[in-house]
Each structure stands twice: as C-alpha cells, then as structure tokens.
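Student:
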Amino acid sequence: MSNADVKVIPMAQDDIDLSCHHRPIDFSDRIAFGFVKMLRFCADTFFAKRYGHRAVVLETVAAVPGMVGGMLQHMKCLRRMCNDGGWIKTLLDEAENERMHLMTFIEIAKPSWFERLLVLIVQGIFFNCFFLLYLISPKTAHRVVGYFEEEAIISYTGYLQEIDTGNHPNVAAPQIAIEYWHLPADAHLRDVVLVVRADEANHRDVNHRFADQLSAANPSMEVAGHL
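Under the numbering used here, the letters of the sequence shown match residues 635 to 861, in that order.
Structure, rendered in structure tokens:
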C-alpha cells in the first residue's frame, strides 16, 4: 500500500485490531515508548476516570503531531522540489480528524476555565517539543504518535466500560459528531466513543507504518539532515 492510499477518516468497527502493539526494537523506540508512558502516568494521576475531561486535554495534544509533521514534510518537499508520496495530506487529515474529536468532547465534557487554561499550557509545551523532535528524528516522532494512539485506545476502551456499567451517563451524541461521522440521528455517547476509538486505531497504524518506513530508509536512525 502506498502512502497516498492511507486514509485517516473513520474505519468500520470490524476492521480494527485493538490489541495491536509495536514492540520497542531500538533505542529510538524505547525513548518514544518511555515518553508516552510518562504522559500516560500524568494523565491517569490528574484525570483518573474523568474520561470526557481527559479527552478534551489529550485530543488537543493529539491534534498537534499531524499538523507539525505535515508542515515539516511540506517544507522538505519545497526545498528538495520533490513529491511527498501522500504523507502531507495524510498527516493534515489526521490533524483535522483529531480536532474534530476535540470539538466533540468539548460539547460533552464542558471543560472549566481551569481545564481550558491547562489545554493552552499543555498545547504550547507539546507543540514546541514535538516540533524539535520531528526536526531531530522524524522516525521517533511518528513512533511517539503510534504509542500515544495505543494508549488512547486503552483510554477509550475504559470510557466504554464506564458507560456500559452505568458509571457514566450515555448522553445523546452532539450534533457535530452526528454530522461528521454520519451517525444516526438518535446516536449516543457510546456510538461516538466507538468511532473515535476506531479513528485512533487507524492513526496508530499509520504512524507506526511511517516510522517503519523511515527506519527502513535509514537503518542507523535518521537525524536532522533527513528533513
């Protein structure tokens, strides 16, 4: 499958493998895996099972990598006067998809002024850190996103369990979600979480595939000169 064939907009539920995990192979992978596990620890400590509020903050972060990667790949292609192989559109579509996750969960969780401030701070820090990481090692950056999405799948699975056990109300789906994912008019939160989780599984596979392709292109691990 070529890069241009990769799609990031909703997948059918039957097509996703929730248990898929990329085992860290080299130093770059271990750095990416450790960094994401640290973020997971912070999220678990701060949000616990407040999954709606967790989603607002984390989807703000999740919408950053696609935009940063797409922008830097765009600039690389301008400098080298070459084709991007479909990477730019794939990454920008991913960023847009994650933004729609955010807009949906804002309607559901109704973040407080403190959480909105936290979003601004976290986004500012993460954007700059990820930008530098992508300049230094695009492979590691994509692996970070792959592992980040693996954790997102775990979180949304936990969200579904809370809904199914009645610990979280299965409220009506926001209109923005119904229109974006073409859900039934009577769709509920559970339906939204299912399609969002499918999106995250797709992002996981796409970013791990990109990292694998970068690793294969330069087995010694690419450095800033790659861009």
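Note that beta-carbon positions come from the ideal geometry of N, C-alpha and C, so glycine has one too. In this text the structure is predicted, and so the values were computed from the model without any measurement.
1) Alpha carbon to alpha carbon, how far is P818 from I665? Give it in angstroms, no decimals.
2) Would you decide whether Q809 is buried or exposed? Buried here means 16 or more other CB atoms lie within 10 Å of its CB.
3) Between D825 and A697, what straight-line distance do the alpha-carbon atoms span, to the nearest angstrom?
4) For the alpha helix (DSSP H) containing I755, list its first residue and its last residue.
5) Buried or exposed: where does G704 fall if 16 or more other Cβ atoms within 10 Å of its Cβ makes it buried?
6) Would you check if the distance between the CB atom of A821 and the CB atom of I787 is smaller than 8 angstroms?
7) Please work out which residues of its chain come closer than 6 angstroms, Cβ to Cβ, to R777, disregarding the five sequence neighbours upstream and downstream, and give them in chain order.
8) Can you tell me whether H776 is helix, strand or coil according to DSSP?
9) Compute the distance between the beta-carbons of R838 and G792, then report whether it is under 8 angstroms.
10) Which stretch, first to last residue, makes up the alpha helix (DSSP H) that contains R657?
11) For a test of the three-state rule: what should DSSP assign to H816, helix, strand or coil?
12) Among the residues of its own chain, which have a CB less than 7 angstroms from the CB of E741, if the five just before and after it don't count?
13) Given this structure, state the Cα-to-Cα distance separating M709 from E785, to the nearest angstrom.
14) Is the beta carbon of F760 sitting closer than 8 angstroms to the one on V695?
15) With respect to the alpha helix (DSSP H) encompassing D727, which residues constitute its N-terminal and C-terminal limits?
16) Could you compute how far the alpha carbon of L794 sits from the alpha carbon of H816?
17) Going by beta carbon distance, what residues of the same chain come within less than 8 angstroms of P658, once the five residues before and after it are set aside?
18) Anyone know if the C-beta pair for M734 and Y814 falls short of 8 angstroms?
19) Report the partner residues of H822 according to the DSSP bridge assignment.
20) Just verifying my parser: in three-state terms, what is the DSSP assignment at I797?
21) Please list, in chain order, all residues of the same chain as A689 whose beta carbon is under 6 angstroms from its beta carbon, the five residues on each side excluded.
Tutor: According to the data block:
1) Within the sequence shown, numbered from 1, the residue matching residue 665 stands at position 31. Within the sequence shown, numbered from 1, the residue matching residue 818 stands at position 184. Taking the straight line joining both Cα atoms gives about 42 angstroms.
2) Locating residue 809 in the sequence shown gives position 175, where the first residue counts as 1. So Q809 ends up on the exposed side.
3) Your numbering for residue 825 matches position 191 in the sequence shown. Your numbering for residue 697 matches position 63 in the sequence shown. D825 and A697: Cα-Cα distance of roughly 21 angstroms.
4) Along the sequence shown, read from residue 1 onward, the residue named residue 755 stands at position 121. That run of the alpha helix (DSSP H) goes W747 to I770.
5) On the sequence shown, residue 704 is found 70 positions in, with the first residue counted as 1. Buried: at least 16 other Cβ atoms inside 10 Å.
6) In the sequence shown, counting from the first residue as 1, residue 821 sits at position 187. In the sequence shown, counting from the first residue as 1, residue 787 sits at position 153. No.
7) Position 143 of the sequence shown, counted from the first residue, corresponds to residue 777. Around R777: D663, A666 and A845.
8) On the sequence shown, position 142 is the one that residue 776 refers to. Helix.
9) Within the sequence shown, residue 838 is the residue found at index 204, counting from 1. Within the sequence shown, residue 792 is the residue found at index 158, counting from 1. No, these two residues do not count as a Cβ contact at 8 angstroms.
10) Within the sequence shown, residue 657 is the residue found at index 23, counting from 1. That residue, R657, is in no alpha helix (DSSP H); it is neither H nor E in DSSP.
11) Locating residue 816 in the sequence shown gives position 182, where the first residue counts as 1. In the structure shown, H816 sits in coil (DSSP, three-state: anything other than H, G, I, E or B).
12) Taking the first residue of the sequence shown as 1, we reach residue 741 at position 107. Correct list, in chain order: P808 and I810.
13) By 1-based counting over the sequence shown, the position of residue 709 is 75. By 1-based counting over the sequence shown, the position of residue 785 is 151. Approximately 30 angstroms, taken between the alpha carbons.
14) Looking up residue 760 in the sequence shown gives position 126. Looking up residue 695 in the sequence shown gives position 61. Going by C-beta atoms, F760 is nearer than 8 angstroms to V695.
15) Indexing the sequence shown from 1 puts residue 727 at position 93. W721 to A743 is the span of the alpha helix (DSSP H), which, as asked, contains D727.
16) Numbered from its first residue, the sequence shown carries residue 794 at position 160. Numbered from its first residue, the sequence shown carries residue 816 at position 182. So the alpha carbons of these two residues sit roughly 20 angstroms apart.
17) For the purposes of this step, residue 658 is taken as residue 24 along the sequence shown, with counting starting at 1. So the qualifying residues of the chain are R664, A666 and F667.
18) Residue 734 sits at position 100 when you count from the first residue of the sequence shown. Residue 814 sits at position 180 when you count from the first residue of the sequence shown. For M734 and Y814, yes; Cβs fall inside 8 angstroms.
19) Position 188 of the sequence shown holds residue 822. According to DSSP, H822 bridges with A806.
20) For the purposes of this step, residue 797 is taken as the residue at position 163 of the sequence shown. I797: helix per DSSP, three-state reduction.
21) Along the sequence shown, read from residue 1 onward, the residue named residue 689 stands at position 55. Contacts found: F739.
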